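Those letters in the sequence shown? Residues 1 to 347, per full-length UniProt numbering, in order. Even for Gly, the Cβ is constructed at its ideal location relative to N, Cα and C. No experiment lies behind these values; they were computed from the predicted model shown. Since the structure comes first, as structure tokens, the remarks are kept for the end.
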Amino acid sequence: MPGVISRLYRGDINIDFVGKRKIWYGLSAFLLVFSIVGLIVNNGLNLGVEFRGGSVFDFARTPTSSVESVRATMSDAGVHQIIVQEAGTANWRVTTESLSTAQVSEVQQAVATEYGIAKNQVSSQVIGATWGGEVSEKAVIGLIVFMVAIMLYLTIAFEWQMALAAIVALVHDLVITAGVYAWSGFEVTPATMLGFLTILGYSLYDAVVVFDMIKEVTGKLGTSAKMTYTQAANNALSHTLIRSLNTSLVAILPVAAILFIGTTLLGAGTLKDLSLALFVGMLVGTYSSICVATPILVSLKEREPQWQALARRVAQREASEAKQSTSKTTAKAKTEPVGAAKAKPKK
Numbered sequence: 001m002p003g004v005i006s007r008l009y010r011g012d013i014n015i016d017f018v019g020k021r022k023i024w025y026g027l028s029a030f031l032l033v034f035s036i037v038g039l040i041v042n043n044g045l046n047l048g049v050e051f052r053g054g055s056v057f058d059f060a061r062t063p064t065s066s067v068e069s070v071r072a073t074m075s076d077a078g079v080h081q082i083i084v085q086e087a088g089t090a091n092w093r094v095t096t097e098s099l100s101t102a103q104v105s106e107v108q109q110a111v112a113t114e115y116g117i118a119k120n121q122v123s124s125q126v127i128g129a130t131w132g133g134e135v136s137e138k139a140v141i142g143l144i145v146f147m148v149a150i151m152l153y154l155t156i157a158f159e160w161q162m163a164l165a166a167i168v169a170l171v172h173d174l175v176i177t178a179g180v181y182a183w184s185g186f187e188v189t190p191a192t193m194l195g196f197l198t199i200l201g202y203s204l205y206d207a208v209v210v211f212d213m214i215k216e217v218t219g220k221l222g223t224s225a226k227m228t229y230t231q232a233a234n235n236a237l238s239h240t241l242i243r244s245l246n247t248s249l250v251a252i253l254p255v256a257a258i259l260f261i262g263t264t265l266l267g268a269g270t271l272k273d274l275s276l277a278l279f280v281g282m283l284v285g286t287y288s289s290i291c292v293a294t295p296i297l298v299s300l301k302e303r304e305p306q307w308q309a310l311a312r313r314v315a316q317r318e319a320s321e322a323k324q325s326t327s328k329t330t331a332k333a334k335t336e337p338v339g340a341a342k343a344k345p346k347k
């Protein structure tokens, strides 16, 4: 195993990522369908109160309080849409539909009476959906501007095929991350939106590192080259594989710590919303830069006459070399004696 790892670091092992593109396309298609089904079945994403509007109540936990009892208390006070969550290690956070001032006062009094706390210790906040709508609108505008800017940059710095492959990989990452949110039921908050925008930059960075190496390797290919564009792209991936995996591992470890340790032991709800988007996005982004963006790039480049002609010349050269090798083997077999002559017995 150490020998294999060291060979990977040196780029001595060539893994045929592009040749297995049908496997990657099939896996990505499954993940995309799974994500889209999750969005349909769960009626889209579980938008937080910041986006759909509502009332939020915060109050301290007591020995007699539980999720069920809090929900029952709210229901008895005339509330219909009730979401009870743990806020940190000592408080309850209850989200409801938008309530009037009188209804908010009734809920506060009901909670204070039920759990023996002062009414002013039950904090309330009414949030309108307008603010969330403005955030969503600005996020969509930012996403569109980001996509256009990336297309222009990659087209100028590299080529349009790389720009298109990178954008497809970005959309791929966003849809799958959204699907994970839909199936998990996690709330989509402003922190989640921040996480979504962050993974765009991370996914793009990984793709640009791979594309830069591919451009360097394929730039040396000429009419007398001994490898095709596909083989050169695979060679470039082999040289960047460990770098991509190391970068992803270093980035994912602290995010995983926040997601699995911070939210479980510390109850960091806001960090949970952000860390899930980052965790899923980084995993999918690493996969897509290698197994989605690069195969798409190669598929586009293989249609160009220049690389088609090179592929034919390489195939002819390999066929000729194979034929010569076969001829030499046959000639060598003919010159070798079939068997040693038997010695005549002495009289």
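DSSP-derived helix/strand/coil call for T189: Here residue 189 is taken as the residue at index 189 of the sequence shown, counted from 1. The answer is coil: DSSP assigns T189 none of H, G, I, E or B.
I167 to G142 span [Cα, whole Å]: Numbered from its first residue, the sequence shown carries residue 167 at position 167. Numbered from its first residue, the sequence shown carries residue 142 at position 142. Each residue's alpha carbon lies about 15 Å from the other.
- Query: Do the CB positions of H172 and V292 come within less than 8 Å of each other?
  - Reply: Taking the sequence shown and counting its residues from 1, the one referred to as residue 172 is at position 172. Taking the sequence shown and counting its residues from 1, the one referred to as residue 292 is at position 292. Yes, these two residues count as a Cβ contact at 8 Å.
Just how far apart, CA to CA, sit I15 and S238?
As a working mapping, residue 15 is identified with position 15 in the sequence shown. As a working mapping, residue 238 is identified with position 238 in the sequence shown. In this structure, the straight-line span from the alpha carbon of I15 to that of S238 is close to 6 Å.
At least 3 beta-carbon pairs within less than 8 Å: the region 155-169 vs the region 279-297 | Touching, yes, given that three or more Cβ pairs across the two stretches are closer than 8 Å.
Short check: CB of A182 to CB of G285, under 8 Å?
Here residue 182 is taken as the residue at index 182 of the sequence shown, counted from 1. Here residue 285 is taken as the residue at index 285 of the sequence shown, counted from 1. Between A182 and G285, the CB-CB gap reaches or exceeds 8 Å.
**Asked** Does I214 get closer than 8 Å to chain E when you measure Cβ to Cβ?
**Response** Note that chain E does not occur in the displayed structure, where there is just one protein chain.
Our contact map puts V210 next to T155 with C-beta atoms below 8 Å; I'd like the distance itself, whole angstroms only.
Locating residue 210 in the sequence shown gives position 210, where the first residue counts as 1. Locating residue 155 in the sequence shown gives position 155, where the first residue counts as 1. Under the criterion of beta carbons closer than 8 Å, V210 and T155 do not qualify as touching, at roughly 17 Å.
(request) Please name the residue or residues paired with W183 in a DSSP beta bridge. (result) For the purposes of this step, residue 183 is identified with residue 183 of the sequence shown, where counting begins at 1. Residue pairing by DSSP places W183 in no beta bridge whatsoever.
*Would you please state the rounded distance, in angstroms, between the beta carbons of A77 and V126? I believe it to be under 8 Å.*
Locating residue 77 in the sequence shown gives position 77, counting from the first residue. Locating residue 126 in the sequence shown gives position 126, counting from the first residue. Not quite, the Cβ-Cβ distance comes to about 16 Å (not below 8 Å), so this is no contact.
Quick test of your reading: A232 and T218, contact by CB under 8 Å. State the CB separation rounded to the nearest angstrom. The residue given as residue 232 occupies position 232 in the sequence shown. The residue given as residue 218 occupies position 218 in the sequence shown. The pair is a contact, with the Cβ atoms about 5 Å apart (cut-off 8 Å).
Q) Where L283 and A110 are concerned, what is the direct C-alpha to C-alpha distance, given to the nearest angstrom? A) Here residue 283 refers to the residue found at position 283 of the sequence shown. Here residue 110 refers to the residue found at position 110 of the sequence shown. C-alpha separation (whole angstroms): 46 Å.
task = Give every residue of the same chain whose Cβ lies closer than 7 Å to the Cβ of A256, excluding the five residues on either side of it in the sequence, and list them in chain order.
result = In the sequence shown, residue 256 corresponds to position 256, counting from 1. Cβ contact annotation for A256 (same chain, cutoff 7 Å, sequence separation greater than five): F279, in chain order.
In the DSSP assignment, find the unbroken beta strand (DSSP E) run with G54 in it and report its ends.
Counting from 1 along the sequence shown, the entry for residue 54 is found at position 54. Where G54 is concerned, the enclosing beta strand (DSSP E) starts and stops at G54 to A60.
inquiry  = I'd like the list of long-range same chain contacts for M162, defined as Cβ closer than 7 Å, with 5 residues on each side in sequence excluded.
reply    = Position 162 of the sequence shown, counted from the first residue, corresponds to residue 162. Taken in chain order, the residues that qualify are L154, F211 and L297.
Beta-carbon proximity check, residue 359 vs M193, cutoff 8 Å: The shown model of the chain, from 1 to 347, leaves out residue 359, and the question about it has no answer.
* Could you check the C-alpha separation between L310 and T228 for me, to the nearest Å? => In the sequence shown, residue 310 corresponds to position 310, counting from 1. In the sequence shown, residue 228 corresponds to position 228, counting from 1. Taking C-alpha positions only, L310 is separated from T228 by approximately 6 Å.
Start-to-end residues for the alpha helix (DSSP H) that takes in T95: Position 95 of the sequence shown, counting from 1, holds the residue named residue 95. No alpha helix (DSSP H) contains T95, which is instead part of the beta strand (DSSP E) from N91 to T96.
Distance CB(N234)-CB(F17) smaller than 8 Å:
Residue mapping note: residue 234 aligns to position 234 of the sequence shown, counting from 1. Residue mapping note: residue 17 aligns to position 17 of the sequence shown, counting from 1. Yes, Cβ-Cβ distance for N234 and F17 is below 8 Å.
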